[in-house]
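When we follow full-length UniProt numbering, the leftmost residue of the sequence shown carries the number 1, and every step to the right adds one.
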Amino acid sequence: MALLDGNNGRRGREESVLVTGIGVMLPGATNVKEFWQDVRDGNSRIGFLTRCEPERTGLRMAGELRDFDHRKFLPELSEKFAGRYTRDALAAMSAVEEARRDAGLGRGDVDPHRLSLIASSSRGPLEWISGVLGESGDAEGADRSRHFADSGAMLRGMPGSPATLSAIYGDVQGLVTTLSSACVGGQHAIGFAAELIRAGSADAVIVLGYEFPLTPLVFKSFKAMGDGVLSAEANDPSRAVRPYTRDREGFVFGEGAVALCLERESRAEARGATGYARVLSHRARNEASHPFGMDMSGHVTAAVVTEALTDAGRVPQDVDWFCGHGTATPKNDLAESRMLGALYAGRPRSSWPPLSSVKPVYGHLLGGAGLVNAAATALALHHRCLCATANYADSVPDPECDHDHVGDGPRETDVGLAVSLAFAIGSQTSALVMGAA
């Protein structure tokens, strides 16, 4: 995205946007320190599925948010109200409050009218809907009226409720909205948030991604797409997702919420906040092609990355690391590798920047995946350490993907510029450029 003035020139680019806070409610990680340790080391949090019966779905593994207690993160929320909210709303609210706490952004540190919240979710309250309908998804002949017996049912069924409830709890009085753009939605939200700040419409924006897809309805719809989409690993959940390898089988689903606090740098500095990283630019494109396909030449994604880098005043040779979408599906993995081939045409593979995937850690959070990647990218820049691609070192690489995936563990290096990638059903491609703070 590039904000233009009347002379077709970019304006507002002097307004740097900092990531000052990160909040996570993910399997095994409910604070930024735990999150960084997991994504840095490739510590998989995928386990055996307990949320629904594996024999009903044919799937045995997932990244589950277990033992979650909202009261630790939302101390001012009365149990009367909490009892009417869905689990996804409580997790989303908790992630937002953790991001604010991590940023040190208290209630009096920003004018609430200049504080906004943009969320991303692919499926919305599908966990609640699935429960209302019953695991079979068929409510005929069943009395489900008890699920609608209180006024909270109106909120529970709305995809935008986690964002609006987070705003009410945190006194966010600026723009509050929820996007649904499948797996690129999180990056779209970051792009819109950065432009709000650069346009002068907000001083800070909390960006939220959440997804709770562990339902038979979701499992069956993705299984219907055929082999190679969902991993069928039978024995070791930690090895279920193996991006860029010859024996990859697909991804597994994860659940949870991630929030980033984005701020105008001048405002952040005024209150003593330094930030993890800068959001430099974002570009998105719809290929307007097959809804389940993607450009397999690599040239479309390379063009999107080049455009995003140009917006940031940089060139492909400046990139130190790519945080890949890395779903361990044949199309995604090959498309990313071919993107590098197109972007660095004429250069040997050994000179390409590293490209890692954090999908083996928490699984695929769909509408929240872009926020997982962005948080990992910001922390990699902050700590000057590249995240490892779990399960790559002990697998045989796909010959087309046989390049540097940081497969041997986290790598400390002087990383100053990184690109986070996202792809989605609907023929969508997205690239987010971030720089060291």
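Beta carbons are placed, not taken as given, at the ideal position from N, Cα and C, and that holds for glycine.
Endpoints, the beta strand (DSSP E) within which residue i is located
{"i": "M225", "result": "Per DSSP, M225 belongs to no beta strand (DSSP E) and is neither H nor E."}
{"i": "I22", "result": "V17 to M25"}
{"i": "A282", "result": "First, the residue type needs correcting, since residue 282 is His and not Ala in the sequence shown. A277 to N286 is the span of the beta strand (DSSP E), which, as asked, contains H282."}
{"i": "T274", "result": "Counting along the chain, T274 falls outside any beta strand (DSSP E), and DSSP gives it neither H nor E."}
{"i": "Q173", "result": "Unbroken run through Q173: none, as it is neither H nor E."}
{"i": "G209", "result": "A204 to E211"}
{"i": "V433", "result": "Q428 to A436"}
Same chain only: Cβ atoms within 6 Å of residue i, ignoring 5 sequence neighbours per side
{"i": "T20", "result": "A103, C261, E263, A268, A273 and G275"}
{"i": "E140", "result": "Residue placement at E140 cannot be trusted, given a pLDDT of 44 that sits under 50; the coordinates are not used to answer."}
{"i": "L65", "result": "P27, E255 and G256"}
{"i": "S337", "result": "E400 and C401"}
{"i": "A424", "result": "A182, C183 and V184"}
{"i": "G137", "result": "For G137, the predicted structure reports a pLDDT of 45, less than 50, and the residue's modelled location is therefore unreliable. The matter cannot be settled from this model."}
{"i": "S430", "result": "V184, Q187, A284 and A422"}
Anticipated Cβ contact below 8 Å, residue i with residue j, distance rounded
{"i": "V279", "j": "M434", "result": "6 Å"}
{"i": "G319", "j": "L217", "result": "Correcting the residue identity first, residue 319 is Val in this sequence and not Gly. With 8 Å as the limit, V319 and L217 do not qualify as a contact, their Cβ atoms being about 39 Å apart."}
{"i": "Y85", "j": "L165", "result": "7 Å"}
{"i": "A189", "j": "L105", "result": "At roughly 18 Å, the Cβ-Cβ gap does not stay under 8 Å, so A189 and L105 are not in contact."}
Close-in-space but distant-in-sequence residues of the same chain around residue i (CB under 7 Å, 5 per side omitted)
{"i": "G170", "result": "V96, E97 and R100"}
{"i": "P410", "result": "R40, D41, C385, L386, C387 and A388"}
{"i": "V315", "result": "L309"}
{"i": "D88", "result": "P125, E127, P162, Y210 and F212"}
{"i": "M25", "result": "L65, F68, A91, S94, A95, G256 and A257"}
{"i": "G174", "result": "H113, R114, L115, S116 and A202"}
{"i": "L59", "result": "L49, F219 and L230"}
{"i": "K331", "result": "M294 and M296"}
Sequence-distant residues of the same chain with beta carbon closer than 8 Å to residue i, five excluded per side
{"i": "G157", "result": "P125, W128 and I129"}
{"i": "A328", "result": "S231, V241, R242, P243, Y244, T245, R248, E249, G250, F251, S357, K359 and P360"}
{"i": "E76", "result": "Y169"}
{"i": "V396", "result": "T245, R246 and D247"}
Residue i vs residue j beta-carbon contact at 9 Å
{"i": "L432", "j": "G368", "result": "no"}
{"i": "Q187", "j": "E287", "result": "no"}
{"i": "G152", "j": "Y362", "result": "no"}
{"i": "L379", "j": "V372", "result": "no"}
{"i": "W352", "j": "H403", "result": "yes"}
{"i": "L343", "j": "A374", "result": "no"}
Residue i, enclosing alpha helix (DSSP H) - first and last residue
{"i": "T57", "result": "P54 to T57"}
{"i": "T177", "result": "Premise fails: T177 lies in the beta strand (DSSP E), V176 to L179, not in any alpha helix (DSSP H)."}
{"i": "I190", "result": "G185 to R198"}
{"i": "A153", "result": "G152 to R156"}
Practice task
Taking only runs that begin and end inside the stretch 289-326, name each unbroken alpha helix (DSSP H) of 4 or more residues, in chain order.
Solution key: 299-311
Handout entry: Segments of 3+ residues assigned as beta strand (DSSP E) that fall wholly inside the stretch 231-271
Key = 256-264
Problem - Whole runs of the beta strand (DSSP E) within the stretch 340-421, excluding any shorter than 3 residues - result: 355-357
Exercise for the section: Pick out the complete alpha helix (DSSP H) segments inside the stretch 25-99, 4 residues or longer, and give them in chain order. Expected result: 32-41, 54-57 and 79-82
Practice task
Jot down the residue ranges of each uninterrupted beta strand (DSSP E) in the stretch 104-141, minimum 3 residues, whole runs only, in chain order.
Solution key: 115-120
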